[in-house]
Amino acid sequence: ISKPKGEASRPGRGGYNLFKTLGWNQRTYNSVLELVTKLAKEKLDTTRSYRSQSKKAMHRLIEAVRKEYKFIEDYDNDWPVHDMLKTYLKNSSQTARNAR
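full-length UniProt numbering puts the sequence shown at residues 1 to 100.
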């Protein structure tokens, strides 16, 4: 399944609402998001942006999500997981910067 054009969480700027775009039920969406957030806290530096993360750590995180939710493999380059991570890390790194 291909990634849509634009950026998640920016529907007003040519992007899209991730939940609506995926068409998953609320329970599935929340479960995947909860796992992605939990793993990000454990495996990544949440004070840094998505682009600043270790590629190896990101790969391990995505593999762990795929292991738990096999259907993620249906999405080109696991884009829903990347979108969830980008949004989470954008917020967590911004919070860390504001706290300085």
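Even for Gly, the Cβ is constructed at its ideal location relative to N, Cα and C.
With three or more C-beta pairs closer than 8 Å as the rule, is the region 26-42 touching the region 87-95? yes
Helix, strand or coil, according to DSSP, for residue 16 in the structure here? Taking the first residue of the sequence shown as position 1, residue 16 is located at position 16. Correct three-state label for residue 16: strand.
If I measure Cβ to Cβ from residue 43 and keep anything under 7 Å in the same chain, skipping five residues before and after, which residues do I get? Mapped onto the sequence shown, residue 43 falls at position 43. Within the same chain, residue 43 has close Cβ partners 57, 60 and 61.
Where does the unbroken alpha helix (DSSP H) through residue 93 begin, and where does it stop? Within the sequence shown, numbered from 1, the residue matching residue 93 stands at position 93. Looking at the DSSP string, the run of the alpha helix (DSSP H) that includes residue 93 is 79-99.
Measure the beta-carbon distance from residue 93 to residue 46 and round it to whole angstroms, keeping in mind my assumption that it falls under 8 Å. In the sequence shown, the residue the question calls residue 93 occupies position 93. In the sequence shown, the residue the question calls residue 46 occupies position 46. That pair is a contact at about 7 Å.
Can you tell me whether residue 53 is buried or exposed? The criterion is at least 16 other CB atoms within 10 Å of its CB, across all chains shown. Stepping through the sequence shown from its first residue, residue 53 is reached at position 53. Result: buried.
Apply the 10 Å Cβ neighbour rule to residue 78 and answer buried if 16 or more other Cβ atoms are within range, or exposed otherwise. For the purposes of this step, residue 78 is identified with residue 78 of the sequence shown, where counting begins at 1. Its Cβ being crowded by 16 or more others within 10 Å, residue 78 is buried.
Does the beta-carbon of residue 151 have 16 or more other beta-carbons within 10 angstroms, so that it is buried, or is it exposed? The structure shown does not extend to residue 151, since the chain spans only 1 to 100, so no value can be given for it.
How should residue 40 be labelled, buried or exposed, when 16 other C-beta atoms within 10 angstroms of its C-beta is the threshold for buried? Counting from one through the sequence shown, the residue named residue 40 turns up at place 40. Result: buried.
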